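Asker: Quick note, our numbering runs 1072 ahead of the 1-based positions in the sequence shown.
Glycine included, C-beta positions come from ideal geometry on N, C-alpha and C.
Please read all numbers here as calculations on a predicted model, not as lab measurements.
Attaching a single structure in structure tokens format; questions to follow.
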Amino acid sequence: MAMNGKERIAAAMRREPVDRVPVMCQLSMGHYLLNTDVSPVDLWFTSEGFARAAVTLQRRYEFDGILINLPGRDPRWMRHVDRIEAAGDGGQTVHFRCGDRADCPADDNVQHTRAGGNRRPTLDRIEPDELFYDDPHCLGGLKYPFYFGLEPRRPDRGDYWPDYFFRTIDRVLEEVGPSVSVHSEVFSPWTQLLELLGYEEALLATLDDPGKCHAILEAYTRGTVDLAVRQARRGVDAVLISSAFAGAGFISPRQYEQFVLPAEREVAARVKDQRVKEHSVPVYTHTCGEIGDRLEMMVATGIDGIDTLDPPPLGSVDLEDAKRRVGDRVFFKGNVDPVHTLLKKSSRQVLDDATWRLQVGSPGGGYILSSACSVSPRVPPENLAALVEASRAFGTPVR
1073 MAMNGKERIA
1083 AAMRREPVDR
1093 VPVMCQLSMG
1103 HYLLNTDVSP
1113 VDLWFTSEGF
1123 ARAAVTLQRR
1133 YEFDGILINL
1143 PGRDPRWMRH
1153 VDRIEAAGDG
1163 GQTVHFRCGD
1173 RADCPADDNV
1183 QHTRAGGNRR
1193 PTLDRIEPDE
1203 LFYDDPHCLG
1213 GLKYPFYFGL
1223 EPRRPDRGDY
1233 WPDYFFRTID
1243 RVLEEVGPSV
1253 SVHSEVFSPW
1263 TQLLELLGYE
1273 EALLATLDDP
1283 GKCHAILEAY
1293 TRGTVDLAVR
1303 QARRGVDAVL
1313 ISSAFAGAGF
1323 ISPRQYEQFV
1333 LPAEREVAAR
1343 VKDQRVKEHS
1353 VPVYTHTCGE
1363 IGDRLEMMVA
1373 TGIDGIDTLD
1383 PPPLGSVDLE
1393 DAKRRVGDRV
1403 FFKGNVDPVH
1413 TLLKKSSRQV
1423 LDDATWRLQV
1433 GSPGGGYILS
1443 SACSVSPRVP
1453 PENLAALVEA
1463 SRAFGTPVR
């Protein structure tokens, strides 16, 4: 019996039979910009712009799901703007009345520069009680203590989230209806610690003052849980924990166990308490690079799935090995090299590569065919179309 994308991904996340392996890639912002007519300013600063870009490419590539990895935007954000300048290459620069500037390239992430310069707080200045949840993609970028927008305002923990923060989720759900799986994203407490201090300073802080780091992580855990639960209640089909920098390129397995595992276990447990019909809302984790040495610890967080699974040379995950070790406990999403395969190879070679991963990943269920990490801006669209072609040709996986 034929499934739609929402049904197909839901079954795969529960490691149940599917009519074919679902396909769903996380796209970079540059890829949205280069392959839709949405302008950089509209993509970054309007809920409608990002929603339109996401739905447009989901339909073009026939993906089974969409990841919403930008928060909803204040519909009145233009009240802060002095002028918007356009560059010859399609980029735009927003000049704000307060003196801040946002550079929005035609093929990359926005860079926000504050009028007085971007300064991160030092560890000794940070009061954990001031922290709850920090998002560097909000208007104005990251600040300490954090506030939404450009007007300083201490958010109330009991009423922290502006309703517009969920505006993009609402728009996408309205557009795709019950046929496409819609996933939201939260930054892991560990990622927020790194963004707060800067990566080098944060890693040193875990050695110099682990107690203070744990206090910060506990504060961020409370906010992350609150946001993730609210996203689940808003109607998303799954919540992704973005924990990109928890791999071996940054921290050891012992540090992972100490600084990452407890917080992500709490987030996963609280979100999975939210039930849609008879099922919990699935939670899965996105960690880039070398994670082959910590798959079991990732599973110990209680998540339902693991995203990226970067293969060599980008990472250290051998799909056959991962399937043997933890494939009976979590679903997998990823393992197609986004650089050496999707960017650099022909669509025929992508088809062959995807077919091999389907053969390895699909037995026993629980596999979503996807790029390992984000699809880079200049990946040829025909290479992404080849992923769905491979899934259709492969057919129903053998149990």
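Short check: CB of Thr1296 to CB of Val1258, under 8 Å?
Answerer: yes
Asker: Can you tell me where the beta strand (DSSP E) holding Arg1155 begins and where it ends?
Answerer: Val1153 to Ala1158
Asker: Residues in the same chain with beta-carbon distance under 8 Å from Gly1221, minus the five sequence neighbours each way, listed in chain order, please.
Answerer: Excluding sequence neighbours, Gly1221 sits near Asp1146, Trp1149, His1152, Cys1210, Leu1211 and Gly1212.
Asker: Consult DSSP for Ala1310 and reduce its assignment to one of helix, strand or coil.
Answerer: strand
Asker: Find the nearest neighbour of Phe1218 within the set Asp1235, Ile1241 and Pro1193, judged by alpha-carbon distance.
Answerer: Pro1193
Asker: At which residues does the alpha helix (DSSP H) containing Gln1183 begin and terminate?
Answerer: From DSSP, Gln1183 is part of no alpha helix (DSSP H) but of the beta strand (DSSP E) over Gln1183 to Thr1185.
Asker: Please report the Cβ distance between Arg1243 and Ser1446, rounded to the nearest whole angstrom; I am assuming they are in contact, meaning their Cβ atoms lie under 8 Å.
Answerer: Between Ser1446 and Arg1243 the Cβ distance is about 21 Å, and since that is not below 8 Å, they are no contact.
Asker: Leaving out five residues before and five after Leu1333 in sequence, what residues of the same chain have Cβ atoms less than 7 Å from its Cβ?
Answerer: Excluding residues within five positions, the ones whose Cβ falls inside 7 Å are Met1369, Ala1372 and Thr1373.
Asker: How would you call Trp1262, buried or exposed, if buried means at least 16 neighbouring beta carbons within 10 angstroms?
Answerer: buried
Asker: Between which two residues does the beta strand (DSSP E) containing Ala1174 stretch?
Answerer: Arg1173 to Cys1176
Asker: Report the rounded CA-to-CA distance for Met1073 versus Ser1111, giving the unit in angstroms.
Answerer: 40 Å
Asker: Excluding the five sequence neighbours on either side, which residues of its own chain have a C-beta within less than 6 Å of the C-beta of His1103, listed in chain order?
Answerer: Cβ neighbours of His1103 beyond the five flanking positions: Val1447 and Pro1449.
Asker: With distances taken Cα to Cα, identify the nearest neighbour of Thr1359 among Val1353, Leu1367 and Asp1390.
Answerer: Leu1367
Asker: Using a Cβ distance threshold of 8 Å, determine whether the region 1266–1273 contacts the region 1191–1205, with at least three qualifying pairs required.
Answerer: yes
Asker: Per DSSP, what are the beta-bridge partners of Lys1405 in this structure?
Answerer: Its beta-bridge partners are Asp1379 and Ile1440.
Asker: Could you please give the first and the last residue of the uninterrupted alpha helix (DSSP H) stretch that includes Phe1466?
Answerer: Pro1453 to Phe1466
Asker: For the structure I just gave you, are there three or more beta carbon pairs, one from the region 1403–1412 and one from the region 1381–1393, closer than 8 Å?
Answerer: yes
Asker: Just the Cα atoms here: how many angstroms apart are Pro1490 and Pro1234?
Answerer: Outside the shown range of the chain (1073 to 1471) lies residue 1490, about which nothing can therefore be said.
Asker: Quick check on Ser1100: does DSSP put it in helix, strand or coil?
Answerer: When DSSP states are grouped into helix, strand and coil, Ser1100 belongs to the coil group.
Asker: Using the Cβ count rule (16 or more neighbours within 10 Å means buried), how would you classify Trp1428?
Answerer: exposed
Asker: Taking the straight line between their C-alpha atoms, what separation do you get for Glu1246 and Arg1131?
Answerer: In a straight line, the C-alpha of Glu1246 is about 15 Å away from that of Arg1131.
Asker: If I follow the unbroken beta strand (DSSP E) through Ile1138, where does it start and stop?
Answerer: That run of the beta strand (DSSP E) goes Gly1137 to Ile1140.
Asker: Do Val1353 and Gly1077 come within 8 Å of each other at the CB atom, strictly closer than that value?
Answerer: no
Asker: Taking its Cβ as the centre, do 16 or more other Cβ atoms sit within 10 Å of Arg1092, making it buried, or is it exposed?
Answerer: buried
Asker: Alpha carbon to alpha carbon, how far is Ala1187 from Cys1170? Give it in angstroms, no decimals.
Answerer: Each residue's Cα considered, the two are about 7 Å apart.
Asker: Can you list, in chain order, the residues of its chain whose CB lies under 7 Å from that of Gln1327, leaving out five sequence neighbours each side?
Answerer: Only residues of its own chain outside the window of five on either side were considered, and among them Thr1278 have a CB closer than 7 Å to the CB of Gln1327, listed in chain order.
Asker: Using the C-alpha atoms, what's the distance from Asn1455 back to Val1182?
Answerer: 26 Å
Asker: Exposed or buried, which one is Thr1468 when buried takes at least 16 other CB atoms within 10 Å?
Answerer: Its Cβ having fewer than 16 others within 10 Å, Thr1468 is exposed.
Asker: By how many angstroms is the C-alpha of Leu1142 removed from the C-alpha of Tyr1216?
Answerer: 20 Å
Asker: Which same chain residues end up closer than 8 Å to Pro1410 when comparing Cβ atoms and leaving out the 5 residues on each side of it in sequence?
Answerer: Annotation for Pro1410: Leu1386, Ser1443, Ala1444, Cys1445, Ser1446, Val1447, Ser1448 and Val1451 place their beta carbon closer than 8 Å to its own, counting only its chain and skipping 5 residues before and after.
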